[in-house]
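Enquirer: Read in my numbering, the sequence shown has 665 at position 63, and its numbers run on one by one without any break. Each residue gets a CB set at the ideal place from its N, CA and C atoms; glycine is no exception.
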Amino acid sequence: MQRERLRTLTDRWRARHDAQRSDHRPAADPARETLAARAFPYASMEPAAYVAEHGTDMIAFTYDDVRYADPELDAWLHEVGHLLRLRR
Numbered sequence: 603m604q605r606e607r608l609r610t611l612t613d614r615w616r617a618r619h620d621a622q623r624s625d626h627r628p629a630a631d632p633a634r635e636t637l638a639a640r641a642f643p644y645a646s647m648e649p650a651a652y653v654a655e656h657g658t659d660m661i662a663f664t665y666d667d668v669r670y671a672d673p674e675l676d677a678w679l680h681e682v683g684h685l686l687r688l689r690r
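1. Count Cβ pairs between the region 624 to 642 and the region 653 to 661 that sit closer than 8 angstroms; are there 3 or more?
2. Quick one: what's residue 669 bridged to in DSSP?
3. Tell me whether residue 676 is buried or exposed, calling it buried when 16 or more other Cβ atoms sit within 10 Å of its Cβ.
4. Since residue 639 and residue 665 should fall inside the 8 angstroms C-beta cutoff, what is the C-beta to C-beta distance between them, to a whole number of angstroms?
5. At the level of alpha carbons, what is the spacing between residue 646 and residue 634?
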């Protein structure tokens, strides 16, 4: 019962979040940029491989909502977000 309620709430959040997405992504603040660079293996793993390994655990991915100064990190996170949305 609880899992179903959580799944319903998560699906509702995702739908609202996706509906609000815009082509314009504001710049990430320095703290978020630092955290993203440390947390994700963008230099050593392809986005598809990362999503295949961790995608089921990534329920509310929002790192692709902003733009990163490092173009490799930005492209990697944007692709991860795209792949996660395709999996739904």
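Expert: Well, looking at it:
1. No, the region 624 to 642 does not touch the region 653 to 661.
2. What you label residue 669 is simply residue 67 of the sequence shown in a count that begins at 1. Residue pairing from DSSP places residue 669 in a beta bridge opposite 629.
3. In the sequence shown, residue 676 corresponds to position 74, counting from 1. Residue 676 comes out buried.
4. As a working mapping, residue 639 is identified with position 37 in the sequence shown. As a working mapping, residue 665 is identified with position 63 in the sequence shown. Your pair residue 639 and residue 665 does not check out as a contact, with CB atoms roughly 11 angstroms apart and the cut at 8 angstroms.
5. Against the sequence shown, residue 646 aligns to sequence position 44. Against the sequence shown, residue 634 aligns to sequence position 32. Each residue's alpha carbon lies about 20 angstroms from the other.
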